[in-house]
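Heads up: the structure comes next, in structure tokens.
In the UniProt record's numbering, the protein residues as written are 1 to 1063.
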């Protein structure tokens, strides 16, 4: 039980008049000054059998000093003082009995009804009798185990004396029945079996006569009262307010301030009103978990624990209306055994003491956790948003707050509710807590998802804070200003951000110990394993996410340090959520030069789930990529267990003490273990990497194979393009030479050509195919459909024919389709010309048909542009727009809005239909802005390439003013004026393509030698996937938007772009 008047001298115990309940009122400063004046230098005396605890007395106090105090006052005061003398350890019993006899205290003791029977027997002359011993035994034994049974009478009185209020009170105590046997007092009938606090303001009488300054208490206190706090209200939000020290009445409920010094005199004056009134009713205020914990420590802690306490360093200077939490304790962080009676604690088994201590530790940890989460929300998060001078740009402040603090506010508010319930349960069942497992079980389902999301986001939060600290000085100053002793106890922000991550593991450790300390027949033996299982499930389910996030942070930090070859675009796709860092470590690679043949280079190898990078560390911490990154789709390990080699790449010299070298010697033999990686993009390119141990080599080989397997599994389920087989009719027995897919009558239609005929039918309906065009002579090489003009174009033996689609396929019923002969087609090419290819498209708002003829003798390609004219269904008309002769062999062209790009064997030429002028791209002026040593210029001029020449494959518009030039070695980017852009940045392919196709936004590169297709994003150069198909051979495209059709071992196939499944 807490001291009623903390640290009062004996003189003040007798003379000082206190009105109302004075629990928590701070008279320390006045008391210590009075004690110093009297020479009573002692220490705090606390005893469970003391009516006035905390009296400042000492062994040096003389008996005559007490007798001198007693002779001043009336018998009631004498008895009250003699009770105090009885309980201090200064005078002995004989001296006390002598004082009692000299002052006539025996008769007064018998007549006072406020003193209990056990107390009267202990002070009467026959106190040594057997009955007295029994009573004393009961008082110090049973009552000490039920410390809540001690009661206290409290009296309130207001009096006026020249405008000042004098508070007078007299505290007394008598033993009562044990805690569980007490009678429930009104007005709280529904509360637990505990003592009640009553207000005796209506029954008190005070008599002041003459110069006597002593009070006479005339009320016969019949009820048993407890303390300042109405204990029957444990678990509620009601407390009984105290009178202020000046005796004024509170104008509104007093919210108890728990931190020392938090309530100033000015704030105290605000909550006081009429000085001539007193509180005569219970006032309802809100009890927070902090206040509940303070009440538990201040008013329910065992007095026997604090025997002979010295003055606490925080006791001085505390405001009278402030309730210090630990002012009466040595230990500011008490344990359960520090708060209960020693006799009561010793009466329990060691196992039960251990169990109660663990429950106390669990609830105390919850309280500290709520405090720390409050600091996260209030000190860091809210303060960051409320800064007058923005620490972080307002545009990204909210995003930064979400990334760093995640759902910390939600976790904080949920745990406030949990803590309130725990503190309520603790107050109800103090000092023995039966269980609180049900509270955690009820709340766990609510917080499991919150913790899972927070823990998976924690590595990103930590990385964001570190990055911001390194780049933002204002943010660093903000964090330093928050990291103070008063706000965060000098702990940095990372400690607070990690609190939710470590909360469940800490709880699991306590629950393990609690389960071992729980009796077998206790309900917790069944509930705690369930709680542990749920907590472990949350921790285990979040662990992969935490590891993945930590790996991603490590990946990002590594990617920020990479330095690639100047100009080359290597998109590692780090921002992809699936991207992972598989392995990273040091390897050795042989370096041979003119001076030394057996050199070795220390390489930092980085294995991602899409690339293998070989780098070396620079002095500034950056990682310089020493070799082109090898995509995982092109890696093949050809030697896993090669023979170990001896490494001799440096020489040691033995030096004498004088500094003269006396001999040189080779180092101790060092074995290295190689493994060979073959880059399938170039079969001649192999990488021999060595490590120091066999175990390390096996680890590298295993990690590479694991990464390849994960890559393959991911690509099978997330393909951008798939191979679709086109079903052909059984009636077609000849070899197919060409095909095209178009749409008519809102149905996908397929046109197939053999050497002398053309078949047309619905896609995926082999029974609908009909032979619509029959050639008596010649050899068909190309069939193309111009959907805008409604023409079907056919090249047979170098002659270009045109057939009307509406005449061939008038309806959607195959039985109505018309059959045409070779003679019924319109010849578009000139006589004597040999057409090699035909393309259709739009430019300048016109639909054009362009065909090319090639002369081997002059090595010139002639382009003819035709414009189809509207006519009837029986006759097709076209007018010649322009004719253009270009040097070299032209393979295809691309239509743009105003111009046309013609792809020749050595360059890309921009021409304008209707004009005889043309120019090549990139423009010659690009070299002036980039410099002569620009890598892209060397690639375009074939300098440094093993194969002479550079073959263009196509040109496409990928942006409003940006075009991509595709070559067999890579690609570069130009503006609409033909000048190189992106500072000369370029792409390099992993294969050597012979054909390219643009299907926005993808660029497909076909390697017909190794039967594979490399798929990239045209704008960024990101490597998407590799499509492999045996015997793959593509049909050249003839119009924009044409399907990608080809042949393979499965027959006629097409590449189809997949679509994401909408959830």
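Glycine included, each C-beta is placed from N, C-alpha and C at the ideal position.
Keep in mind the model is a prediction, meaning the values are calculated, not measured.
Over what stretch of residues does the alpha helix (DSSP H) that includes residue 453 continue unbroken? By one-based count along the chain shown, residue 453 stands at place 453. Taken as a continuous stretch (DSSP letters only), the alpha helix (DSSP H) holding residue 453 covers 437-471.
Run through DSSP, which three-state label would residue 374 get? On the chain shown, position 374 is the one that residue 374 refers to. DSSP places residue 374 in helix when its eight states are reduced to three.
Taking only runs of the alpha helix (DSSP H) that begin and end inside the region 866-948, which ones reach a length of at least 4 residues, in chain order? 926-930, 935-940
Can you name the start and end residues of the beta strand (DSSP E) that residue 636 belongs to? Numbered from its first residue, the chain shown carries residue 636 at position 636. Run containing residue 636: 635-639, per the beta strand (DSSP E) assignment.
How do the region 720-736 and the region 746-761 stand: do at least 3 beta-carbon pairs fall below 8 Å, yes or no? yes
Give the straight-line distance between the Cα atoms of residue 944 and residue 928, rounded to the nearest whole angstrom. Within the chain shown, residue 944 is the residue found at index 944, counting from 1. Within the chain shown, residue 928 is the residue found at index 928, counting from 1. Bear in mind that the predicted position of residue 944 carries a pLDDT of just 46, short of 50, making it too unreliable to give a figure here.
Suppose contacts are defined by Cβ-Cβ distances below 7 Å. Is residue 462 in contact with residue 469 by that definition? In the chain shown, the residue the question calls residue 462 occupies position 462. In the chain shown, the residue the question calls residue 469 occupies position 469. Contact flag unset, no.
Bridge partners - residue 846, DSSP secondary structure assignment: Translated into positions along the chain shown, residue 846 becomes position 846. Partner(s): 843.
Classify residue 977 as helix, strand or coil using the three-state DSSP reduction. For this step, residue 977 is matched to residue 977 along the chain shown. It is coil, neither helix nor strand.
By how many angstroms is the C-alpha of residue 997 removed from the C-alpha of residue 835? Locating residue 835 in the chain shown gives position 835, counting from the first residue. Locating residue 997 in the chain shown gives position 997, counting from the first residue. For residue 835 and residue 997, the distance between alpha carbons rounds to 22 Å.
Near residue 688, which residues of its chain fall below 6 Å by C-beta distance, leaving aside the five closest residues on each side in sequence? As a position in the chain shown, residue 688 is number 688, starting the count at 1. Excluding positions up to five away in sequence, the list reads 674, 676.
Suppose only complete runs of 3+ residues qualify. What are the beta strand (DSSP E) ranges in the region 520-577, listed by chain order? none
Quick check on the DSSP output: the alpha helix (DSSP H) that includes residue 816 runs from which residue to which? Residue 816 sits at position 816 when you count from the first residue of the chain shown. Premise fails: residue 816 is in no alpha helix (DSSP H) and is neither H nor E.
Please classify residue 85 as buried or exposed, where buried requires at least 16 other C-beta atoms within 10 Å of its C-beta. Indexing the chain shown from 1 puts residue 85 at position 85. At residue 85, the pLDDT of 47 sits below 50, so the modelled position is not reliable and the matter cannot be decided from this model.
Residue 794, DSSP secondary structure in three states: On the chain shown, residue 794 is found 794 positions in, with the first residue counted as 1. Here residue 794 sits in strand by DSSP.
Roughly how many angstroms separate the alpha carbons of residue 311 and residue 400, rounded to a whole number? Here residue 311 refers to the residue found at position 311 when the chain shown is read from its first residue. Here residue 400 refers to the residue found at position 400 when the chain shown is read from its first residue. For residue 311, the pLDDT reaches just 34, beneath the cut-off of 50, and the residue's location in the model is therefore unreliable, although a value from the coordinates is still provided. About 48 Å.
Is the beta carbon of residue 510 closer than 7 Å to that of residue 362? Residue numbering aside, residue 362 sits at position 362 when the chain shown is read from its first letter. Residue numbering aside, residue 510 sits at position 510 when the chain shown is read from its first letter. Cβ atoms of residue 362 and residue 510: closer than 7 Å.
Nearest to residue 825 (by Cα), restricted to the options 837, 850, 806, 794: Sequence index remark: in the chain shown, residue 825 carries index 825 (1-based). Nearest option by C-alpha distance: 794.
At least 3 beta-carbon pairs within less than 8 Å: the region 489-505 vs the region 376-394: yes
Starting from the C-beta of residue 1013, find all residues in its chain whose C-beta is less than 6 Å away, skip the five residues before and the five after it, and write them out in chain order. For the purposes of this step, residue 1013 is taken as the residue at position 1013 of the chain shown. For residue 1013, where only same-chain residues beyond five positions count, the Cβ hits under 6 Å are 1004, 1006, 1027.
Terminal residues of the beta strand (DSSP E) in which residue 988 lies: Position 988 of the chain shown, counted from the start, is the residue given in the question as residue 988. It spans 986-988 - the beta strand (DSSP E) in which residue 988 sits, taken as one unbroken run.
Evaluate residue 679 with the Cβ neighbour count: other Cβ atoms within 10 Å of its Cβ, from every protein chain shown; 16 or more gives buried, anything less gives exposed. Numbered from its first residue, the chain shown carries residue 679 at position 679. The residue in question, residue 679, is buried, as its Cβ has 16 or more Cβ neighbours within 10 Å.
Rounded separation between residue 698 and residue 574 - CA only: Taking the chain shown and counting its residues from 1, the one referred to as residue 698 is at position 698. Taking the chain shown and counting its residues from 1, the one referred to as residue 574 is at position 574. Looking at the two C-alpha atoms, the distance is approximately 27 Å.
To which residues does DSSP link residue 1010 through a beta bridge? In the chain shown, counting from the first residue as 1, residue 1010 sits at position 1010. Answer by DSSP bridge pairing: none, since residue 1010 is not bridged.
Report buried or exposed for residue 796, applying the criterion of at least 16 other Cβ atoms within 10 angstroms of its Cβ. Residue numbering aside, residue 796 sits at position 796 when the chain shown is read from its first letter. Buried, since its Cβ has 16 or more Cβ neighbours within 10 Å.
Is there contact here, the region 838-848 with the region 812-826, by at least three beta-carbon pairs under 8 Å? no
Taking residue 885 and residue 860 to be in contact with their CB atoms under 8 Å, please state how far apart those CB atoms are, rounded to whole angstroms. Locating residue 885 in the chain shown gives position 885, where the first residue counts as 1. Locating residue 860 in the chain shown gives position 860, where the first residue counts as 1. The Cβ separation is near 5 Å, so the contact holds.
According to the Cβ coordinates, are residue 986 and residue 974 closer than 7 Å? By 1-based counting over the chain shown, the position of residue 986 is 986. By 1-based counting over the chain shown, the position of residue 974 is 974. No, the Cβ-Cβ distance between residue 986 and residue 974 is not below 7 Å.
Around the C-beta of residue 337, are 16 or more other C-beta atoms found within 10 angstroms, so that it is buried, or is it exposed? Here the question's residue 337 lines up with position 337 in the chain shown. It is buried - the Cβ of residue 337 has at least 16 other Cβ atoms within 10 Å.
Rounded to whole angstroms, what is the Cα-Cα separation between residue 1030 and residue 894? The count along the chain shown starts at 1 and reaches residue 1030 at position 1030. The count along the chain shown starts at 1 and reaches residue 894 at position 894. Their Cα atoms are separated by approximately 29 Å.
Let me know the secondary structure DSSP gives residue 787 once reduced to three states. In the chain shown, counting from the first residue as 1, residue 787 sits at position 787. Here residue 787 sits in coil by DSSP.
Whole angstroms are fine: how far does the CA of residue 414 sit from the CA of residue 1108? Because the chain here runs from 1 to 1063, residue 1108 falls outside it and cannot be looked at.
Can you name, in chain order, every residue of its own chain whose Cβ lies under 7 Å from the Cβ of residue 517, other than the five neighbours on each side? For the purposes of this step, residue 517 is taken as residue 517 along the chain shown, with counting starting at 1. Correct list, in chain order: 351, 354, 355, 358.
For residue 1048, list the residues DSSP reports as bridge partners. In the chain shown, the residue the question calls residue 1048 occupies position 1048. Per DSSP, 1051.
Pick from 583, 459, 1052, 520: whose alpha carbon is nearest that of residue 750? Counting from 1 along the chain shown, the entry for residue 750 is found at position 750. When only C-alpha atoms are compared, the closest one is 1052.
7 Å Cβ shell around residue 606 - same chain, five flanking residues per side excluded: Your numbering for residue 606 matches position 606 in the chain shown. These residues qualify, in order along the chain: 558, 584, 613, 615.
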